[in-house]
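Trainee: Numbering (mature numbering (1 follows the signal peptide of the UniProt record, and there is no 0)) for the sequence shown: -19 to -1, 1 to 935. Backbone N, C-alpha and C define an ideal beta-carbon position, used for all residues, glycine too.
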Amino acid sequence: MKRIIFLSICIICTAFVLAACSDDEGNFGGTPVFSIDEQHLQQDFEQGASYVSIPVNTNMELSQWSVASSDETWCLVSQEKPTSTSSSILISVRESEEPDVRTATVSVTSGVANYTIQVRQLGYGPAILLKDENPTVSADGGGLDITVTSNVEYTIDLPAECNWMREVPTRALTDKVYRYTVDANPTYEERTVTLTYTYTEDPSVTAVCTVTQEAKTSGVDDVEVEGDVQAFPTGAQASEYQQGNGIEYTYDGRIDENHYHSVWGQSADFPVTLEYFFEQKPDIDYIVYNTRSGNGNFGEVDVYVATEENPDYQLQGSYNFRMQNAASRVTFSPSYSKVTKIKFSVKSGLGGFVSCSEMQFFQKNPDNKLERQLLEVFTDITCTEVKDDATDAQIQALPGYFASLATQLRRGTYDPWEKEFRVQAYKPYSDVEVWAEKLMTSRYSNLDNPTGIYVEPGDSVIVLVGDTHGQSVSIQCIGEETTSDGTTNYVQTAASGETRFLEEGVNKVGFSQRGMLFVMYTADLLNPTAQPITIHIPPGSGIVSGFFDLETHKTNDKYAELIGKANYKYFCVRGERIMFYFHRVQMQQAVPYDILSAINLWDDIIGWQQELMGIEDVRPSQVNNHLFAISPEGSYMWASDYRVAFVYTYLNNILLYDNVMAAKDNAWGPAHEIGHVHQKAINWPSSTESSNNLFSNYILYKLGKYCSRGEELSALATAHCINRQGWYNMGSATHQNEDAELHMRMNWQLWNYYHRCGHKPDFWPTLFKLLREDRIVESDPGAGQLKFAMKACQAANENLTDFFEMWGFFEPVNTTIEQYGTWNYVVDESMIESAKQYMKQFPAPKHAFYYLEDRKNGDVGIESYQVGDVGYYTQFEGEGTKITKEVSYTRSGNRISITDGDEAVAFEIRQSPSSELLYFSNFLTFDVPSSVALDGAKVYAVQADGTRIECKKR
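Below, the structure is given as structure tokens:
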């Protein structure tokens, strides 16, 4: 369509709404407001002198905002006196005597917002100006105004094939403005048309306007999924319940804090039975048990079913839900028809209680019309690729959400960054509940599969699941929780969240909270069916923020790109053994680029700890979970099931390698917390804050800068010889009624002697394995103490009686101790004798390595104390250092000064070589406590092999 125009025209490209200001303009209250509508930011003038008044939406005084002079003298600007409802800017232009179009810029500033107004004026030469060369119309269509400024006659060419935009005759407006009506866009891709304005006498003088109409849109809410049919009980009863927490809350259709709970303040009377009755007699294929966050999560449970055909209960199956804080599913195979009642006989629960947020009963949908329709267009049900022979008509016939998806895929407009996270092949991870029990650790994370996609409260999400290979898969929304350190409430990442089980095909799931989505895919890794599962969460379902995966993304450049694009509060970095899930802003500040320094370091730290545990035979072939590190907004550092935590203000100190190495505690603290995850096999009450420090000291050793940590051996001399303390109360209580600084030296002596000195380099892995096979029982710490000593002898194949004697293992005990609980601590003479008899079967060790010290005074990391002069670990290598010098001493009061004693590993005070040890020291000059009777006592230099050589008194 071509039209010839004979008038000079001042054109504006805008919508139908031409009012200068909105109805409520000026009614802004006390908040400062300042804005200029976008349509006024481009002003075009004819050749002659003219002016325009531009409305300003503001409640500010003239003195609070300003208009700078334009950058051209022919364009004059000023503020106009405000009315009661608005202010304005006056722009005046002088007549142009130039042939070409001239331009000017006007700047408007305020404390709220700044604007730039572009001004153009025609000259006497032919020209055609379009105010907006690229207008956009919504998919719904409607009105479009296009106005052109020109000083020549011109034609308008609207392509004839454009049948969706038509010019509308105008009366109210001047003929400078052309009005069009635009039809609604029936397709899920945008469309464009180009209008060309051409000077009738010179075709080289043109202006082009490209009109774009947005694509039709469709959201998740428009998708109707023929989901599985939920059956609701018509009644229920429980064998016991807490008043106000009855069983009725387990089938009220809500997964929230209203839940069933057994009687508070006492252990449940197991088995606790929960029975559900169905008057409608539905067919049931599976059950979903939804937990609450807290005590009572089901452990072992038997499920019974009664049907119309078999009215008496029959055992359907026995299960162990492992008291996990996540939903569990029971699938009936074969399914049950005409169910009348179902009973859960719960035999154990977390904390000795029983609880349930919601119990759901489902019948599978046997016929899914939507999926059949999708498979006519897409190559498989994940809808990641369109068939070559799929027609546009077939695509547009799909539900809008999927028609839009198919259009993006076919046209190549699916954002590649989004697609990377929306389409993933999720690999299986081992069962953290099973492997925590097998390996005697705290539970690692089960959040190994991040999607990089988060949801807002109330969001529904489409999840397209490919071949599951018969495996179970679900999706969990991890948000935040509020907790307390005893004085202050603070926010941190939750350990679990709303879980939705997924089926092969189209799933539509909803979430009531804000959170990041994680795919939950647990399997036996040795099972051939444990294969990756492709899952597609299409555009419009959740919001992509992304994450960094070491295996996939590999480089620091990619990390910087991904965290720069992220928009969620937390950002995930997945390494081989650890996952950081930290505050994005703080993490980006701490590690703006070199993520490889951080993730490789902490992968190594966890790997080094796992070396000591002796799990190389199962990791990663059978167990491959990560440790999940969060950054709470309070507390400091801690470890528990499923996660370890480092306060978000400390991230700068623990991530980059150079920062970690800048202070001894930067590695020690996190390694100590991770050590809590790994210590269970070698731990018993009285050792909880020290047995984990085996791992911490090993990390310091592997990093190579700082010496180990712990009290000097003189503290052991005081505890053993002077105070006659046993292991359980050795030293001075520093944390949780334990002197961890002293205790930690025992395990570290064992490591130094057997590993560093080379006498049995697999000692600790062997000991861990032995103690996983024959376990320490937490409730009997005295027996646990002696079992540790006996298994250490077995691991070393040496009789370590003297070693554990020095560490107070054979002191009789009958008391109660407090350490993360109250424990009866009993070590009696019969237990001691039995342990010693067992240990006698092994040969004596080569050395008296209870005098081993791996530090020297002046080492990096030595604080304000001195660690001794002799007994350095190198003296115990090979056959050990021999004493070749004549060692002598002088005594002044209780002070002993040794001469030529540097080849000894310690100096003992005894009446005779075989008599009771009265005191020892690893210093060449030391003070004997006044409680030690020195009359008649002798000083002995101890050779590495334990030989006592009497020192000559001078």
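Can you tell me whether F213 is buried or exposed? The criterion is at least 16 other CB atoms within 10 Å of its CB, across all chains shown.
Mentor: Within the sequence shown, the letter at position 232 stands for residue 213. Classification of F213: exposed, given that the 10 Å Cβ count is below 16.
Trainee: Across which residues does DSSP place Q24 in a beta bridge pair?
Mentor: As a first step, residue 24 is located in the sequence shown; it is residue number 43 there, counting from the start. Its beta-bridge partners are V100.
Trainee: Can you tell me whether DSSP reads L694 as helix, strand or coil?
Mentor: Looking up residue 694 in the sequence shown gives position 713. Looking at L694 - three-state DSSP - the assignment turns out to be helix.
Trainee: Going by DSSP, name the residue or residues bridged to R172.
Mentor: Locating residue 172 in the sequence shown gives position 191, where the first residue counts as 1. R172 pairs with Q194.
Trainee: Measure the Cβ-Cβ separation of L71 and S88 and say whether it is below 8 Å.
Mentor: Within the sequence shown, numbered from 1, the residue matching residue 71 stands at position 90. Within the sequence shown, numbered from 1, the residue matching residue 88 stands at position 107. Contact flag unset, no.
Trainee: Would you mind reading off the limits of the beta strand (DSSP E) that contains V514?
Mentor: Working through the sequence shown from its first residue, we reach residue 514 at position 533. Just to set this straight, residue 514 is Ile in the shown sequence, not Val. Segment I514 to H517, the beta strand (DSSP E) holding I514.
Trainee: Any idea if Y574 is buried or exposed, counting beta-carbon neighbours within 10 angstroms, 16 or more meaning buried?
Mentor: Along the sequence shown, one-based indexing puts residue 574 at 593. Counting Cβ neighbours within 10 Å, Y574 comes out exposed, since fewer than 16 surround it.
Trainee: For Q211, count neighbouring C-beta atoms within 10 Å of its own C-beta (all shown protein chains included) and say buried if the count is 16 or more, exposed if not.
Mentor: To locate residue 211, count along the sequence shown from 1; it is residue 230. It counts as exposed.
Trainee: Does E42 come out as helix, strand or coil in the three-state DSSP assignment?
Mentor: Sequence index remark: in the sequence shown, residue 42 carries index 61 (1-based). Coil, per DSSP.
Trainee: Could you give the distance in angstroms between the alpha-carbon of residue 965 and the alpha-carbon of F529?
Mentor: Since the first residue of the chain shown is -19 and the last is 935, residue 965 is not available in this structure.
Trainee: With 16 other CB atoms within 10 Å as the buried threshold, where does Q856 fall?
Mentor: Within the sequence shown, the letter at position 875 stands for residue 856. Result: buried.
Trainee: Take the Cβ of A644 as the centre, count every other Cβ of all protein chains shown within 10 Å, and call the residue buried at 16 or more, exposed below.
Mentor: As a working mapping, residue 644 is identified with position 663 in the sequence shown. When all chains shown are included, A644 counts as exposed.
Trainee: Using the three-state DSSP reduction, which class does E479 fall into: helix, strand or coil?
Mentor: Counting from one through the sequence shown, the residue named residue 479 turns up at place 498. Looking at E479 - three-state DSSP - the assignment turns out to be strand.
Trainee: When DSSP labels each residue in this structure, what does L445 get in the three-state scheme?
Mentor: What you label residue 445 is simply residue 464 of the sequence shown in a count that begins at 1. The answer is strand: DSSP assigns L445 an E or B state.
Trainee: By Cβ distance, which residues of its chain are closer than 6 Å to I518, with the 5 residues on each side in sequence left out?
Mentor: Position 537 of the sequence shown, counted from the first residue, corresponds to residue 518. Cβ within range, chain order: R403, I434 and V444.
Trainee: Counting pairs of Cβ atoms below 8 Å between the region 590 to 598 and the region 660 to 680, do you hit three or more?
Mentor: The answer is yes - the region 660 to 680 touches the region 590 to 598, with three or more Cβ pairs under 8 Å.
Trainee: Counting only the same chain and skipping the five closest in sequence on each side, list residues whose C-beta sits under 8 Å from that of D5.
Mentor: Sequence index remark: in the sequence shown, residue 5 carries index 24 (1-based). Because D5 carries a pLDDT of 40, less than 50, the predicted location of this residue cannot be relied on, and the following value inherits that uncertainty. Once the five neighbours on either side are set aside, D5 has no close Cβ partner at all.
Trainee: Quick one: using the 10 Å Cβ neighbour count with 16 as the cut-off for buried, is G691 buried or exposed?
Mentor: As a first step, residue 691 is located in the sequence shown; it is residue number 710 there, counting from the start. Buried, because 16 or more other Cβ atoms sit within 10 Å of the Cβ of G691.
Trainee: Which term fits P666, buried or exposed, when burial requires 16 or more other beta carbons within 10 angstroms of its beta carbon?
Mentor: The residue you call residue 666 lines up with position 685 of the sequence shown. Buried, by the Cβ-count rule.
Trainee: What first and last residue would you give for the alpha helix (DSSP H) that runs through K400?
Mentor: To locate residue 400, count along the sequence shown from 1; it is residue 419. Where K400 is concerned, the enclosing alpha helix (DSSP H) stretches over P397 to R403.
Trainee: Among A698, D840 and E759, which one has its Cα closest to the Cα of Y900?
Mentor: Reading the sequence shown from its first residue, position 919 is the one you call residue 900. Among A698, D840 and E759, the Cα nearest to that of Y900 is on A698.
Trainee: Which term fits H716, buried or exposed, when burial requires 16 or more other beta carbons within 10 angstroms of its beta carbon?
Mentor: Here residue 716 is taken as the residue at index 735 of the sequence shown, counted from 1. The residue in question, H716, is exposed, as its Cβ has fewer than 16 Cβ neighbours within 10 Å.
Trainee: Can you grab the Cα-Cα spacing for the pair V909 / I877, in whole Å?
Mentor: Taking the sequence shown and counting its residues from 1, one reaches residue 909 at position 928. Taking the sequence shown and counting its residues from 1, one reaches residue 877 at position 896. Taking the straight line joining both Cα atoms gives about 7 Å.
Trainee: Can you tell me the Cα-Cα spacing of G852 and Y832, whole angstroms?
Mentor: Position 871 of the sequence shown holds residue 852. Position 851 of the sequence shown holds residue 832. Each residue's alpha carbon lies about 6 Å from the other.
Trainee: At what residues does the alpha helix (DSSP H) containing G467 begin and finish?
Mentor: Here residue 467 corresponds to residue number 486 of the sequence shown, with the count starting at 1. Careful: G467 lies outside any alpha helix (DSSP H) and carries neither H nor E.
Trainee: Is it the case that the Cβ atoms of K933 and Q892 are separated by a distance below 8 Å?
Mentor: Along the sequence shown, one-based indexing puts residue 933 at 952. Along the sequence shown, one-based indexing puts residue 892 at 911. No. Outside cutoff.
Trainee: Helix, strand or coil for T699 per DSSP?
Mentor: Sequence index remark: in the sequence shown, residue 699 carries index 718 (1-based). It is helical.
Trainee: Check for me: the alpha helix (DSSP H) holding S811 runs from which residue to which?
Mentor: For this step, residue 811 is matched to residue 830 along the sequence shown. From DSSP, the alpha helix (DSSP H) with S811 extends over E810 to M820.
Trainee: Below 8 Å between beta carbons: does that hold for L125 and V163?
Mentor: Within the sequence shown, numbered from 1, the residue matching residue 125 stands at position 144. Within the sequence shown, numbered from 1, the residue matching residue 163 stands at position 182. Going by C-beta atoms, L125 is nearer than 8 Å to V163.
Trainee: If the criterion is Cβ atoms closer than 8 Å, does the pair A764 and M812 meet it?
Mentor: Taking the first residue of the sequence shown as 1, we reach residue 764 at position 783. Taking the first residue of the sequence shown as 1, we reach residue 812 at position 831. Contact: yes.
Trainee: Between the alpha carbons of M787 and Y806, how many angstroms are there, rounded?
Mentor: What you label residue 787 is simply residue 806 of the sequence shown in a count that begins at 1. What you label residue 806 is simply residue 825 of the sequence shown in a count that begins at 1. If you take the alpha carbons of M787 and Y806, they lie about 19 Å apart.
Trainee: To the nearest angstrom, report how far apart L731 and S426 are at their CA atoms.
Mentor: Translated into positions along the sequence shown, residue 731 becomes position 750. Translated into positions along the sequence shown, residue 426 becomes position 445. For L731 and S426, the distance between alpha carbons rounds to 31 Å.
Trainee: Buried or exposed, going by whether 16 or more other CB atoms sit within 10 Å of the CB of Q660?
Mentor: Here residue 660 refers to the residue found at position 679 when the sequence shown is read from its first residue. Buried.
Trainee: Taking S119 and E170 to be in contact with their CB atoms under 8 Å, please state how far apart those CB atoms are, rounded to whole angstroms.
Mentor: Against the sequence shown, residue 119 aligns to sequence position 138. Against the sequence shown, residue 170 aligns to sequence position 189. Wrong, their Cβ atoms sit about 14 Å apart, outside the cutoff.
Trainee: Helix or strand or just coil, what does DSSP make of M304?
Mentor: If you number the sequence shown from 1, residue 304 lands on position 323. Three-state DSSP puts M304 in coil, outside helix and strand.
Trainee: Please go through the same chain and pick out, in chain order, the residues whose beta-carbon is closer than 6 Å to the beta-carbon of V206, but skip the five residues on each side of it.
Mentor: Numbered from its first residue, the sequence shown carries residue 206 at position 225. Around V206: V487 and K489.
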